[in-house]
Amino acid sequence: MTTVNPSSPSSPSSPSSPSNPLSTSIPESPLNTSNPLNPSTPASPLNPSNPSHPSHPSHPSNPGEPARTPHAPAPWAAVLRAETRLFLREPGSLFWILGFPTLLLTVLGLIPSFREPEDALGGRRTIDVYVPVAVLLAMIMAGLQAMPPVLTGYRERGILRRMSTTPVRPSALLAAQMLLHGAAALGAAALVMAVGRAAFGVRLPRQPLGYALALLLATASVLAVGALLCALSRGAKASAAVGTVLSLATMFTAGVWIPVQAMPDTLRHIVQVTPFGAASQALDRAASGGWPGWIHLGAVALWTAAAAVSATRLFRWE
27 MTTVNPSSPS SPSSPSSPSN PLSTSIPESP LNTSNPLNPS TPASPLNPSN PSHPSHPSHP
87 SNPGEPARTP HAPAPWAAVL RAETRLFLRE PGSLFWILGF PTLLLTVLGL IPSFREPEDA
147 LGGRRTIDVY VPVAVLLAMI MAGLQAMPPV LTGYRERGIL RRMSTTPVRP SALLAAQMLL
207 HGAAALGAAA LVMAVGRAAF GVRLPRQPLG YALALLLATA SVLAVGALLC ALSRGAKASA
267 AVGTVLSLAT MFTAGVWIPV QAMPDTLRHI VQVTPFGAAS QALDRAASGG WPGWIHLGAV
327 ALWTAAAAVS ATRLFRWE
């Protein structure tokens, strides 16, 4: 019986046999290191689709940190986007903020006597005086009529309380509302000045920096007062009722019914210490070409700080 020698060159199992095609070992490609059939092979740096690769989006740089979803919006940005959509779906609020002040200015400008210079106003026309008043009216509508019912309604329905259990803090919702209504008020101010200039020849502010400073202070003041109204009101109906009464009072101090410049001296001195009376005087002074009085700017800033601090301490999330 013939014995097969494993070391023989003619043996079929010999690895050195050139005649056996199965005996030739195929070298592994250096780029084929991510073979799924070979789990022990480390991932190739040329294969970024490997979840274990450091450059993969879902791979955290710190093992203790959770994986982040790429292109995920920040929570405050998501809240701002959602509140913007809801705000644009409220035509009533948009009309009272953007449309009503411009409409009032247009109606007043169509009165012939309002387009004539008056000695009581220093040679200016009544329509010239009413442009800053219409600007303040837009702010009053935004901060005292539109914003408080929305925030108190959220609190009344428990939305703020439920948000406190999520990564989005309720303060983000408050900031989004203030930002939206403040932007709407500033947009209404630009619209009022544009209509006054185009339709009735009202000059643009001759002191733009002073006018911008007074405008920003007035916007911050009305938003702070609106936040304080939200803090003190228990529900949406109460905030709407109180906001209406407060709006009528602030319209008077802003000069909607009677221009501050045409008020008796005693009444004018009293009105000038109110936030919107002082803001009206500051805007009128800047529109005429002078720098707003520091007393008026200081009064607006003081009212803003007092209302903001009180609203921060008294505001309830539930």
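Going by my numbering, 277 is the number at position 251 of the sequence shown; the sequence numbering is gapless.
Note that beta-carbon positions come from the ideal geometry of N, C-alpha and C, so glycine has one too.
Looking at residue j and residue i, is the spacing between their C-beta atoms short of 9 Å?
i	j	result
Leu255	Leu272	yes
Ala104	Pro231	no
Glu344	Arg111	no
Leu124	Ala210	yes
Ala348	Ala288	Shown here, the chain extends from 27 to 344; a query on residue 348 therefore has no answer.
Gln233	Pro318	yes
Gly222	Val228	yes
Leu106	Leu206	yes
Ala275	Pro174	no
Based on the DSSP output, what are the partners of residue i in its beta bridges?
i	result
Pro117	According to DSSP, which records beta bridges pairwise, Pro117 is partnered with nothing at all.
Arg151	Pro143
So which of the options has the shortest CA-CA distance to residue i?
i	options	result
Thr348	Leu323, Pro301 and Trp102	Absent from the structure is residue 348, since the part of the chain shown begins at 27 and ends at 344.
Ala224	Leu205, Ile153, Val297 and Trp283	Ile153
Trp329	Val268, Gln307 and Ala246	Ala246
Ala332	Val159, Ile185 and Pro301	Pro301
Thr279	Ser259, Arg150, Leu163 and Ala108	Leu163
Leu239	Leu131, Phe341, Asp310 and Leu134	Asp310
Val282	Met165, Val221 and Pro138	Met165
Ile321	Gly303, Ala334, Val335 and Gly315	Gly303
Gln171	Trp317, Arg150 and Ala264	Ala264
Leu177	Gly261, Arg107 and Leu323	Gly261
Ala100	Phe226, Asp291 and Val194	Val194
Ala202	Phe113, Ala305 and Val335	Phe113
Glu109	Gly252, Pro143, Val251 and Pro196	Pro196
Ala250	Leu120, Gly316, Gly208 and Gly179	Gly208
Between residue i and residue j, how many whole angstroms is the CB-CB distance? I'm expecting something under 8 Å.
i	j	result
Val297	Val286	6 Å
Ser259	Val268	6 Å
Arg181	Arg339	Actually they are not in contact, since the Cβ atoms of Arg181 and Arg339 sit about 16 Å apart, beyond 8 Å.
Val326	Ala337	Incorrect: roughly 16 Å between the Cβ atoms, too far for contact.
Leu217	Thr128	5 Å
Tyr396	Leu131	This structure cannot speak to residue 396, because the chain is shown only from 27 to 344.
Arg151	Arg141	6 Å
Any chance you could list the alpha helix (DSSP H) runs of at least 4 consecutive residues sitting entirely within the region 209–290, in chain order? 234–258 and 262–280
Quick check for students: name the residue ranges of the alpha helix (DSSP H) that lie wholly in the region 175–204, counting only runs of 4 or more. Runs found: 185–189.
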